[in-house]
Amino acid sequence: MITGFIIELEDNGQDFLSFTTNANGVIVKTEPFQGDVWNGGYIPVESQEVGRLCMMHKPPNIVYGYLKHEVVKITELKD
Numbered sequence: 176m177i178t179g180f181i182i183e184l185e186d187n188g189q190d191f192l193s194f195t196t197n198a199n200g201v202i203v204k205t206e207p208f209q210g211d212v213w214n215g216g217y218i219p220v221e222s223q224e225v226g227r228l229c230m231m232h233k234p235p236n237i238v239y240g241y242l243k244h245e246v247v248k249i250t251e252l253k254d
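Those letters in the sequence shown? Residues 176 to 254, by my numbering.
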């Protein structure tokens, strides 16, 4: 059973390099910094592809948009 995902981003000097989501794509952890900014946001993991810009829904600032960072790895977390 899939319990979540770790989505790793390319390093462009930003303060966040990975998101951990629950099974539904809701961000529950941001590393190493900016959890207060990104936690609670949504990434449609079923549609997200490695090598593409990271999809993000985090109202009111990002409504079904993209970050300026590509996804380099997606890891499934299983129970």
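In this text, a Cβ means the ideal position worked out from N, Cα and C, and glycines have one as well.
All figures in this text were calculated on a predicted structure; none of them were measured in a lab.
Within the same chain, and ignoring the five residues on either side of residue 187 in sequence, the residues whose Cβ sits closer than 8 Å to its Cβ are 243, 244. Within the same chain, 183, 184, 185, 225 come within 7 Å of residue 247 by CB-CB distance, once the 5 residues on both sides are set aside. When DSSP states are grouped into helix, strand and coil, residue 201 belongs to the strand group. By the CB criterion at 7 Å, residue 220 and residue 240 fall outside the cutoff.
For residue 205 and residue 181, the gap between their C-alpha atoms comes out near 10 Å.
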